[in-house]
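Enquirer:
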Amino acid sequence: MKNRFQDLTSIDFYQNRRQVKWLVVALSILIGAGSIWYTNRLVEELKARERRQIELLSSALEYAASNADNLSFINQEIIQQNYSIPIIMVDASGAPLEFRNIPFRKNASSQDSTKILAEELEEMKAEYEPILLREADIQIFYRNSELLTNLRYYPYVQLAVILIFGVLAYALFNQSKIAEQNRVWAGLTKETAHQLGTPIASLMAWIDYLRNSPVWEENKEIITEMDKDVVKLRMVTERFSSIGSKPVIQSENLYQAIEETINYLRPRISTKVDLIINADSQNLDAMMNKPLFEWVIENICKNAVDAMKGKGRIEIDILQDSDKFVIVDITDTGKGIEKRNFKKVFNPGFSTRQRGWGLGLTLAKRIIEGYHGGRIFVKTSEIGNGTTFRIILHSTIEGAEQFVTEGILEY
Numbered sequence: 001m002k003n004r005f006q007d008l009t010s011i012d013f014y015q016n017r018r019q020v021k022w023l024v025v026a027l028s029i030l031i032g033a034g035s036i037w038y039t040n041r042l043v044e045e046l047k048a049r050e051r052r053q054i055e056l057l058s059s060a061l062e063y064a065a066s067n068a069d070n071l072s073f074i075n076q077e078i079i080q081q082n083y084s085i086p087i088i089m090v091d092a093s094g095a096p097l098e099f100r101n102i103p104f105r106k107n108a109s110s111q112d113s114t115k116i117l118a119e120e121l122e123e124m125k126a127e128y129e130p131i132l133l134r135e136a137d138i139q140i141f142y143r144n145s146e147l148l149t150n151l152r153y154y155p156y157v158q159l160a161v162i163l164i165f166g167v168l169a170y171a172l173f174n175q176s177k178i179a180e181q182n183r184v185w186a187g188l189t190k191e192t193a194h195q196l197g198t199p200i201a202s203l204m205a206w207i208d209y210l211r212n213s214p215v216w217e218e219n220k221e222i223i224t225e226m227d228k229d230v231v232k233l234r235m236v237t238e239r240f241s242s243i244g245s246k247p248v249i250q251s252e253n254l255y256q257a258i259e260e261t262i263n264y265l266r267p268r269i270s271t272k273v274d275l276i277i278n279a280d281s282q283n284l285d286a287m288m289n290k291p292l293f294e295w296v297i298e299n300i301c302k303n304a305v306d307a308m309k310g311k312g313r314i315e316i317d318i319l320q321d322s323d324k325f326v327i328v329d330i331t332d333t334g335k336g337i338e339k340r341n342f343k344k345v346f347n348p349g350f351s352t353r354q355r356g357w358g359l360g361l362t363l364a365k366r367i368i369e370g371y372h373g374g375r376i377f378v379k380t381s382e383i384g385n386g387t388t389f390r391i392i393l394h395s396t397i398e399g400a401e402q403f404v405t406e407g408i409l410e411y
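Encoded structure:
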């Protein structure tokens with residue numbers, strides 16, 4: 001028993017959430033089908049019981065026709081005791097003789113009542129075969145009682161209510177989970193930025209000391225590169241601070257932002273990787289938070305370098321799509337992504353590297369779609385030939401404001 005419990009608790013529900021969802025759906029369908037089957041079984045039993053009641057009524061009428069002495073007893077104890085099953089008795093010509101439990105409108109005229117009676121009779125003819133009283137040459141038509149009709153549709157109404165409640169509950173719990181994740185994410189990033197602040201300030205002070213020391217001339221190039229890395233650390237701290245709070249989105253030169261990121265990456269990646277920027281214009285502007293956007297470009301390019309194993313080509317195409325949007329396509333010559341993983345690559349924890357955390361693209365998606373109101377997705381990918389990621393950004397403040405107010409990207 002203990003081993004079974006350990007096996008159950010060791011299941012990674014997050015990684016297998018798709019299977020868990022299908023299991024829940026399958027169980028829900030099974031429960032719903034069982035409820036409908038059981039209700040239909042009750043309906044059939046009640047239907048047979050109502051049929052027997054109508055047959056009893058017809059037998060009583062036949063008996064009354066041949067035994068006039070017992071007519072009053074039969075009429076009071078059998079015929080008039082039917083309070084639920086709608087019936088209409090007709091003669092040989094089809095004219096109604098007697099009826100019970102027919103829903104007439106209040107204060108209906110005789111003409112309206114005749115019309116309603118005729119409509120009810122047609123429905124009864126379509127629903128069940130009549131019971132024939134041969135001696136009196138009378139036919140008894142009937143249909144299901146209101147109780148039986150309600151019982152037939154009850155499971156569907158019940159399932160609809162449960163489904164609506166389940167959807168609302170799922171939406172509420174999902175929003176609660178997202179809000180909790182956002183708080184954890186924001187708290188973690190703010191704490192990280194806070195912890196990085198002290199050592200970075202110390203490193204900056206040491207670099208200033210080295211610049212004014214006798215070793216500056218002999219180690220000028222090394223100290224300069226160290227200073228660039230410290231500046232990069234400061235930028236990383238700013239990025240984490242921006243993730244932990246609402247970032248400022250403003251118009252920035254798209255080509256310049258990408259070029260600065262590429263210039264920083266070039267000396268820090270393999271020399272066998274070519275980084276190429278193609279642009280419709282070097283004066284294209286986009287609504288962005290520059291440090292966060294540069295982080296996205298950096299993450300995608302580093303993933304591309306890993307996919308190419310340090311050898312290949314990365315092309316970044318900057319395109320003017322319309323007056324509203326600008327497009328950035330990042331294409332590598334790496335190993336490619338299987339089509340079934342196009343969306344999964346943005347999930348937290350998804351990584352093809354043994355030592356990868358699987359957070360780079362998740363962070364990129366959060367920055368582009370959550371903070372910039374844009375889109376990021378795998379445009380194309382071919383196994384062995386590379387992948388193209390597409391980023392879509394607003395080019396005007398109006399588009400960004402529309403995202404903030406409506407939460408949509410019209411593209």
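In this text, residue positions in the sequence shown follow UniProt numbering: the first is 1, and each later residue adds one.
Positions of the beta carbon are idealized from the N, C-alpha and C atoms, including for glycine.
One question on the structure: do residue 35 and residue 155 come within less than 9 Å of each other, judged by their Cβ atoms?
Expert: Stepping through the sequence shown from its first residue, residue 35 is reached at position 35. Stepping through the sequence shown from its first residue, residue 155 is reached at position 155. Yes, these two residues count as a Cβ contact at 9 Å.
Enquirer: In whole angstroms, what is the alpha-carbon distance linking residue 392 and residue 321?
Expert: For the purposes of this step, residue 392 is identified with residue 392 of the sequence shown, where counting begins at 1. For the purposes of this step, residue 321 is identified with residue 321 of the sequence shown, where counting begins at 1. Their backbone Cα atoms lie some 9 Å apart in a straight line.
Enquirer: Check the Cβ-Cβ distances between residue 167 and every residue of chain C, and say whether any is below 9 Å.
Expert: The question asks about chain C, but that chain is absent: this structure has only one protein chain.
Enquirer: Under a Cβ-count criterion, where at least 16 other Cβ atoms within 10 Å of its own Cβ denotes burial, should residue 328 be classed as buried or exposed?
Expert: Taking the sequence shown and counting its residues from 1, one reaches residue 328 at position 328. Residue 328 comes out buried.
Enquirer: What residue from 290, 252 and 270 has the CA that sits closest to residue 235's CA?
Expert: Position 235 of the sequence shown, counting from 1, holds the residue named residue 235. Here the closest residue by C-alpha is 290.
Enquirer: I believe residue 86 touches residue 117 by the beta-carbon criterion, under 8 Å. Please report the beta-carbon distance rounded to the nearest angstrom.
Expert: Position 86 of the sequence shown holds residue 86. Position 117 of the sequence shown holds residue 117. Not really, about 11 Å apart at Cβ, beyond 8 Å.
Enquirer: Could you spell out the range, first to last residue, of the beta strand (DSSP E) harbouring residue 320?
Expert: Stepping through the sequence shown from its first residue, residue 320 is reached at position 320. Per DSSP, residue 320 belongs to the beta strand (DSSP E) from 312-320.
Enquirer: Quick one, which of 390, 350, 142 and 131 has its alpha-carbon nearest residue 120's?
Expert: As a working note, residue 120 is residue 120 in the sequence shown. The candidate whose alpha carbon is nearest that of residue 120 is 142.
Enquirer: Taking 8 Å as the cut-off, does the region 247-256 touch the region 208-218 (at least 3 CB pairs, one atom from each stretch)?
Expert: Because the criterion of three Cβ pairs below 8 Å is not met, the region 208-218 and the region 247-256 do not touch.
Enquirer: Within the same chain, show all residues whose beta-carbon is closer than 6 Å to that of residue 46, passing over the 5 residues directly before and after it, in chain order.
Expert: Translated into positions along the sequence shown, residue 46 becomes position 46. Result list for residue 46: 148, in chain order.
Enquirer: Report the residue ranges of all beta strand (DSSP E) runs contained in full by the region 257-320; include only those spanning at least 3 residues, in chain order.
Expert: 273-279, 285-288 and 312-320
Enquirer: If you draw a straight line from the alpha carbon of residue 198 to that of residue 205, how long is it in whole angstroms?
Expert: As a first step, residue 198 must be located in the sequence shown, where it is residue number 198. As a first step, residue 205 must be located in the sequence shown, where it is residue number 205. Each residue's Cα considered, the two are about 11 Å apart.
Enquirer: Do you know offhand how far residue 167's Cα is from residue 160's?
Expert: Residue numbering aside, residue 167 sits at position 167 when the sequence shown is read from its first letter. Residue numbering aside, residue 160 sits at position 160 when the sequence shown is read from its first letter. About 10 Å.
Enquirer: Helix, strand or coil for residue 367 per DSSP?
Expert: Here the question's residue 367 lines up with position 367 in the sequence shown. Correct three-state label for residue 367: helix.
Enquirer: Measuring alpha carbon to alpha carbon, tell me which of 390, 372 and 373 ends up nearest residue 380.
Expert: For the purposes of this step, residue 380 is taken as residue 380 along the sequence shown, with counting starting at 1. The option with the nearest alpha carbon to residue 380 is 390.
Enquirer: How would you write the range of the alpha helix (DSSP H) that residue 116 sits in, first residue to last?
Expert: Stepping through the sequence shown from its first residue, residue 116 is reached at position 116. Boundaries of the alpha helix (DSSP H) harbouring residue 116: 110-127, taken from the DSSP string.
Enquirer: I'd like the span of the beta strand (DSSP E) that includes residue 396, first residue to last.
Expert: As a position in the sequence shown, residue 396 is number 396, starting the count at 1. No beta strand (DSSP E) contains residue 396, which DSSP labels as neither H nor E.
Enquirer: Are the region 279-296 and the region 256-266 touching, with three or more C-beta to C-beta distances below 8 Å?
Expert: yes
Enquirer: Can you give me the Cβ contacts of residue 22 inside the same chain, cut-off strictly under 6 Å, excluding the 5 residues immediately before and after it?
Expert: Walking along the sequence shown from the start, residue 22 turns up at place 22. Excluding residues within five positions, none has a Cβ falling inside 6 Å.
Enquirer: Can you give me the C-alpha to C-alpha distance between residue 368 and residue 394, rounded to a whole angstrom?
Expert: The count along the sequence shown starts at 1 and reaches residue 368 at position 368. The count along the sequence shown starts at 1 and reaches residue 394 at position 394. When rounded, the distance between both Cα atoms is 10 Å.
Enquirer: Report the CB separation of residue 269 from residue 305 in whole angstroms; it is logged as a contact under 8 Å.
Expert: As a first step, residue 269 is located in the sequence shown; it is residue number 269 there, counting from the start. As a first step, residue 305 is located in the sequence shown; it is residue number 305 there, counting from the start. That belief holds up - the Cβ atoms of residue 269 and residue 305 are roughly 5 Å apart, short of 8 Å.
Enquirer: Determine whether the beta carbon atoms of residue 359 and residue 302 lie at a separation below 9 Å.
Expert: Numbered from its first residue, the sequence shown carries residue 359 at position 359. Numbered from its first residue, the sequence shown carries residue 302 at position 302. The Cβ-Cβ distance between residue 359 and residue 302 does not fall below 9 Å.
Enquirer: Just checking my contact of residue 237 with residue 186 at CB under 8 Å: how many whole Å lie between their CB atoms?
Expert: Along the sequence shown, read from residue 1 onward, the residue named residue 237 stands at position 237. Along the sequence shown, read from residue 1 onward, the residue named residue 186 stands at position 186. Contact doesn't hold; Cβ gap of about 15 Å is too wide.
Enquirer: To the nearest angstrom, how far is it from the Cα of residue 190 to the Cα of residue 196?
Expert: Sequence index remark: in the sequence shown, residue 190 carries index 190 (1-based). Sequence index remark: in the sequence shown, residue 196 carries index 196 (1-based). Rounded to whole angstroms, residue 190 to residue 196 spans 10 Å at the Cα level.
Enquirer: Nearest CA to the CA of residue 299: which residue from 346, 272, 176 and 106?
Expert: Taking the sequence shown and counting its residues from 1, the one referred to as residue 299 is at position 299. Cα-wise, what sits closest to residue 299 is 346.
Enquirer: Could you check where the beta strand (DSSP E) with residue 251 kicks off and where it finishes?
Expert: Here the question's residue 251 lines up with position 251 in the sequence shown. First-last of the beta strand (DSSP E) with residue 251: 250-253.
Enquirer: Sort out for me which residues DSSP pairs residue 381 with in a bridge.
Expert: As a working mapping, residue 381 is identified with position 381 in the sequence shown. Residue 381 is bridged to 387.
Enquirer: Less than 9 Å between the C-beta atoms of residue 253 and residue 283, yes or no?
Expert: Sequence index remark: in the sequence shown, residue 253 carries index 253 (1-based). Sequence index remark: in the sequence shown, residue 283 carries index 283 (1-based). Yes, the Cβ-Cβ distance between residue 253 and residue 283 is below 9 Å.
Enquirer: Find the nearest neighbour of residue 335 within the set 150, 351, 309 and 38, judged by alpha-carbon distance.
Expert: The sequence position of residue 335 within the sequence shown is 335, counting from 1. Out of 150, 351, 309 and 38, 309 has the C-alpha closest to the C-alpha of residue 335.
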